[in-house]
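Q: Before we start, here is the structure in question, set down as structure tokens.
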Amino acid sequence: MSTQGLPEAGTAGAGAPGRAGAKAFDVQRVRADFPALRQIVRGKPLIYLDSAATALKPQCVLDAVNQVYARDCGNIHRAVHLPSQRATQSFEAAREKLQAFLGAARPEEVIFTSGTTQSINMVAHCFGRARLKAGDKILVTGLEHHSNIVPWQMLCQAIGTELVVAEIDERGEVSLQDIEDKLKAGGIKLVAFAHVSNALGTILPAREICALAREYGAVSLADGAQAAPHLAVDVQALGCDFYALSAHKLYGPTGVGALYGRFELLDSLPPYQGGGDMIRSVSFAGTTYAALPNRLEAGTPNIAGVIGFGAALDYLASLDLDAARRHEQELFRYADEGLRAIDGVRRIGTADKACGALSFVMDAAHPHDIGTVVDMEGVALRTGHHCAQPVMTKFAIPATARASLGIYNNRADIDALLASVRVVKEMFS
Amino acid sequence: MSTQGLPEAGTAGAGAPGRAGAKAFDVQRVRADFPALRQIVRGKPLIYLDSAATALKPQCVLDAVNQVYARDCGNIHRAVHLPSQRATQSFEAAREKLQAFLGAARPEEVIFTSGTTQSINMVAHCFGRARLKAGDKILVTGLEHHSNIVPWQMLCQAIGTELVVAEIDERGEVSLQDIEDKLKAGGIKLVAFAHVSNALGTILPAREICALAREYGAVSLADGAQAAPHLAVDVQALGCDFYALSAHKLYGPTGVGALYGRFELLDSLPPYQGGGDMIRSVSFAGTTYAALPNRLEAGTPNIAGVIGFGAALDYLASLDLDAARRHEQELFRYADEGLRAIDGVRRIGTADKACGALSFVMDAAHPHDIGTVVDMEGVALRTGHHCAQPVMTKFAIPATARASLGIYNNRADIDALLASVRVVKEMFS
Amino acid sequence: MMSELRELYQEVILDHSKAPRNFKFPEGANRSAQGDNPLCGDNLTVKIVLDGARVVDIGFQGSGCAISQAAASTMTEMVKGKSTDEINAIFENYHDVVMGKAEINEELLGKLAVFAGVAEFPMRVKCATLAWHTMQQAIRGTDEVATTE
Amino acid sequence: MMSELRELYQEVILDHSKAPRNFKFPEGANRSAQGDNPLCGDNLTVKIVLDGARVVDIGFQGSGCAISQAAASTMTEMVKGKSTDEINAIFENYHDVVMGKAEINEELLGKLAVFAGVAEFPMRVKCATLAWHTMQQAIRGTDEVATTE
Ligand SMILES: Cc1ncc(COP(=O)(O)O)c(C=O)c1O
Ligand SMILES: Cc1ncc(COP(=O)(O)O)c(C=O)c1O
């Protein structure tokens, strides 16, 4: 048995499955909390294996969003009336919940954004343009999502910085030695990497990468879009300077995300967007900016979305997350073994430590055809390049089919996946 | 009687109230569609007069958002599975609804953003940095919201453009002659103005301003955050190059807005943020960008929010909007007269053509105290500078109290406002 | 449900996808275009020998799903020897059929009728039309990359 | 409901807001700070004659709502002549009371007890504390603008 799937020690908080004292995770109870699982698709109950794209939402998130629109429907921060007061309090409470979830030192270190993409663009813009100069280097890895590539390429084009890539090997792993060599070569001012790869499932050694970055005087940014749903994240233990994530992948609403930034660093950045709520005082003679977090949150935010995100975090806090993660890891292993056992299926991404996403290709069928056929079996997975084209190039494939897990998945889901993959095989060979 | 409150001919689509053939507007039926109005606040039914800050949402918007989360819970554009297909179709249908609402020529002219603030920042960044250079001038008016001031100030600081201000007069109006004189003086490459002022209610002569801008070779941007809820907007008739708006002020969800841009202009802009969905192909050797609208919509958008926005537009389309606007105008006049009739109340913003917002100050009480007292009477209005500090400076006041209207307000709401203002007066004098 | 799938992946389609016809560039090609579908990674290049307004020879290369390979393969068979006007008429009906907007004109489409099942799969329409868009781009002689967006 | 309002706008508060005490800058002021509440537009300047660790004289100017004016006015009366340690003790209790986090220490607060009603109005806490934050900034002698965020 491969050790693939074991979460990173220290950040993952999960032990070996089935160890003494470990509570069983009641996945049936969790499933009942997710209304989308109650639907019939193509005549069958939905098998949802696309959580890496967007996770399903528990009922309490729907209820929280609904309550904002049906009752606490006021803009925040500025009004004295009751709906606005209530919305403001719930909004700021969500910030504190996320602070706790990430282990941030202060609530002002949590900036709400529209998603991981905006969080990373904010750093590229605010930190990049203020602190970097032509010739400075930015290190990314070969497994990044486009959201952690294109903003840096745009920055490079604008100000003349250079992108350095730590390539992945054939298992989809990065080499710490390679990263250290590149840092040693000098000039790298920022290291931006995915904590977990969305295309391959690889868990990167985030703590070690951040330590190396610091050692060589570079700032670190971890793209946590895929890590936050599967690993226990503690930004202080990781030692990262920035951490980006999306609510919609963490069982929360769409259109919300966050950027964590170490206070001193974040506080030194110029604003990202200009507008309401981010100012101290505006005049045509000169404008001054508000303190954190407002300075980086211009305009009316996604109020209902942020409050719904808070509800998702409450939901996660109500679970035994260690047990949930063990459950996910077992399922990951089960799916991994099941896929490998089907002749003509090749798994893409076979890192020692992985979670969440399982990519594969088939001799018989193109990933797009896999997707359509399994969809007709009621199995929702994703096919394509997963916004990680350099990964596809590296593996010399046009695309993969990807099954990805959430806390509501069970063995029956994986069995359905495997059965539908066998249908594909039959159909095309 | 003042003619204040009459909508601008040509863009407003409303005639004189009570004219022959005009249908009556059934405000009671409309009220029943807004669940937030059913709540008791401070022991009384909520009187909501803060729609300029954020509008209440009809039930169908809640239902649409709910359906995304409870059923069509998939990411868009990339998956073949059914929840994703459904979400993608509803998302793109919302774009076409907004295209129709704005009278845009093509759906690709509609870019979804997180709100007006982001829409304007997008223009400042993409158009500003690509097309303007040091010494070029940007014209704004004296009544702008901070969202239409600060992005330009930030741009000026970054690239050395200069801000020119068309001041307002004591009624809160801009002078077309003044704007023309400033354009004539040369160097102005962009004219950015509020179609309707959020602090004063002034309706600006948008069509004339856009025509002047074009005549003198400047690009025009109308901030329609407050106009879209009250006036019939037709971007082609207005002749504007860009138009910005927020869903949450238009009875839709928070965290969504849009930027309209004339196709040729929009298509010539570089991307705003980098990430998923906005690329054609990514490699470390070089990345190419997707066509409109995707190029300007990086990352997972606010899927539920956009679809909810579509539902809000459907809702508006189901009403007799001409009648609704006449109703609002009558109410505006009724409130205006009622406020003026109270001794010690001074209306701020007395333009000939106005809609939506009624600002006032009182001899006896500071706006903040007005807000607290009327809130205890169950009346929700807004006090403060309304993110328009230059307007406060112009009128030499620290803040105003502002009542603002939505399609669900009725005479009883205004009567409650006037009664509560009288309570304030009594209390503080 | 499975019947819809059989309708989509008809024998003809599976056959063409496994053994695409004209999967090489014709000699003397004087027109060429590249097409890709950025969302799924499909890409292909179409080369044509155009004589006046007639497609004398045509071939393609590239990778993609069964639908897009079969669409490209059947397309090359279909358009070879035809005038651009004839080709336009065929594509118009083909396009509307896969979009679910029109009935099949059997006479015009011939073997292409097997693509009617695509109409039930809106996310796959692009796969069925990429080759056609690329071919038309080649005929127009523009240098742009064709996409299906 | 109206009783909460009476609780907030007590006679003492209305009186101080209409006729603020020490609404002028003291002669020989050697400390000064400016405070503003960016969200509502309140702003004030506090000037102090500080002798060692004792506030010998104090005055303020600025504009704001009844609560913020009365808070500034009563504050100046309260702190005049006191040591910074005494002032800190008073502010600590005052702050906790208006935040709804502590009971009133009548002995410490004296007349300031009228601000207890603010606890029912979370959006008004900033109005009741702006002057105090500004005063403390002045004593610390930092140049930053105090805000209540
Ligand atoms: C005229 C005007 N412009 C811009 C904005 C900013 O809108 P948002 O906060 O939704 O981005 C507002 C709303 O506050 C406004 O009234
Ligand atoms: C690793 C990773 N980074 C960034 C993103 C972008 O997230 P979003 O689209 O929510 O901005 C994603 C999700 O697609 C992801 O998986």
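Line order of the protein sequences matches chains G, V, A and W. 1 is the number of the first residue of the first sequence in this note's numbering; add one for each residue after it. 1001 is the number of the first residue of the second sequence in this note's numbering; add one for each residue after it. 2001 is the number of the first residue of the third sequence in this note's numbering; add one for each residue after it. 3001 is the number of the first residue of the fourth sequence in this note's numbering; add one for each residue after it. Quick reminder that beta carbons are idealized off the backbone N, C-alpha and C, glycines included. Because the structure is a prediction, the values reported are computed rather than measured.
1. Looking only at its chain, what residues have a beta carbon closer than 7 angstroms to the beta carbon of H125 of chain G, apart from the 5 residues adjacent to it on each side?
2. Does the Cβ of R1326 of chain V have 16 or more other Cβ atoms within 10 Å, making it buried, or fewer, making it exposed?
3. Taking the beta strand (DSSP E) that Y1243 of chain V belongs to, which residues open and close that run?
4. How do the stretch 2084-2101 of chain A and the stretch 2029-2045 of chain A stand: do at least 3 beta-carbon pairs fall below 8 angstroms, yes or no?
5. DSSP state of R1402 of chain V, grouped into three classes?
6. Reducing DSSP to helix, strand and coil, say where K425 of chain G ends up.
7. Just to check, is the beta-carbon of N2088 of chain A closer than 7 angstroms to a non-hydrogen atom of ligand 1?
8. Let me know if A1130 of chain V comes out buried or exposed under the rule of 16 or more other beta-carbons within 10 Å of its beta-carbon.
9. Is it buried or exposed, N2030 of chain A, if we count other Cβ atoms within 10 angstroms and call 16 or more buried?
10. Pairing CB atoms from the stretch 129-144 of chain G with CB atoms from the stretch 282-299 of chain G, are three or more of them under 8 angstroms?
11. I want to verify the contact list: residues of chain G whose CB lies under 7 angstroms from the CB of M3123 of chain W, in sequence order.
12. Taking Cβ positions only, does P2038 of chain A come closer than 8 angstroms to chain V?
13. On a Cα-Cα basis, can you pick out the residue from V:M1154, V:L1238 and V:D1363 that is closest to G1344 of chain V?
14. Roughly how many angstroms separate the alpha carbons of L1266 of chain V and M2123 of chain A, rounded to a whole number?
15. Given a cut-off of 8 angstroms, decide if A199 of chain G and L245 of chain G are closer than it, judged by their beta-carbon atoms.
16. Within 7 angstroms: the Cβ of Q1118 of chain V and any heavy atom of ligand 2?
17. For H1081 of chain V, which residues from the same chain have a beta carbon less than 8 angstroms from its beta carbon, with the 5 sequence-adjacent residues on both sides left out?
18. Using the three-state DSSP reduction, which class does R347 of chain G fall into: helix, strand or coil?
19. Output, in sequence order along the chain, the residues in the stretch 1273-1291 of chain V whose CB is closer than 7 angstroms to any CB in chain A.
20. Are the C-beta atoms of A1194 of chain V and some chain G residue less than 8 angstroms apart?
21. Does A1365 of chain V have its Cβ less than 8 angstroms from a Cβ in chain W?
22. Anyone know if the C-beta pair for V164 of chain G and L139 of chain G falls short of 8 angstroms?
23. Under DSSP, the beta strand (DSSP E) around M3078 of chain W begins and ends at which residues?
24. Quick one: which chain A residues come within Cβ less than 7 angstroms of V373 of chain G?
25. Once DSSP output is grouped into helix, strand and coil, what is the label at P205 of chain G?
26. Would you kindly work out how many angstroms separate the C-alpha atoms of Q432 of chain G and V3114 of chain W, rounded to a whole number?
27. Which residue from V:V1282, V:G1239, V:D1369 and V:G1128 puts its Cα closest to that of A949 of chain V?
28. Starting from I111 of chain G, trace the beta strand (DSSP E) both ways and give me its first and last residue.
29. Please find out if some non-hydrogen atom of ligand 2 comes closer than 7 angstroms to the beta-carbon of N121 of chain G.
30. If you measure from the CB of T1300 of chain V, is any heavy atom of ligand 2 nearer than 7 angstroms?
31. In the DSSP output, which residue or residues are listed as bridge partners for S2032 of chain A?
32. Taking 8 angstroms as the threshold, find out whether the stretch 2017-2034 of chain A comes into contact with the stretch 2050-2070 of chain A through three or more Cβ pairs.
33. With 16 other CB atoms within 10 Å as the buried threshold, where does D1169 of chain V fall?
34. For ligand 1, I want to know if S429 of chain G counts as a neighbour, meaning its beta carbon is within less than 7 angstroms of at least one of the ligand's heavy atoms.
35. How about T3076 of chain W and F3060 of chain W: are their beta carbons less than 8 angstroms apart?
A: In brief:
1. So the list reads Y272, once near-sequence residues are dropped.
2. buried
3. Segment F1242 to S1246, the beta strand (DSSP E) holding Y1243 of chain V.
4. no
5. strand
6. helix
7. no
8. By the Cβ-count criterion, A1130 of chain V is exposed, with fewer than 16 other Cβ atoms from all chains shown falling within 10 Å of its own Cβ.
9. exposed
10. no
11. V80 and Q85
12. yes
13. V:D1363
14. 27 angstroms
15. no
16. no
17. G1074
18. strand
19. I1279, R1280, S1281, A1290 and A1291
20. no
21. Chain W, which has a Cβ nearer than 8 angstroms to the Cβ of A1365 of chain V, makes this yes.
22. yes
23. That residue, M3078 of chain W, is in no beta strand (DSSP E); its alpha helix (DSSP H) goes A3066 to V3079.
24. L2005
25. coil
26. Nothing can be reported for residue 432 of chain G: it is not among the residues displayed for chain G, which extend from 1 to 429.
27. Summary: the structure shown does not reach residue 949 of chain V, with chain V confined to residues 1001 through 1429, and so no result is reported for it.
28. Secondary structure note for I111 of chain G: its beta strand (DSSP E) is the uninterrupted segment V110 to T113.
29. No, ligand 2 has no heavy atom inside 7 angstroms of this Cβ.
30. The nearest non-hydrogen atom of ligand 2 is less than 7 angstroms from the C-beta of T1300 of chain V.
31. A:K2047
32. yes
33. exposed
34. no
35. yes
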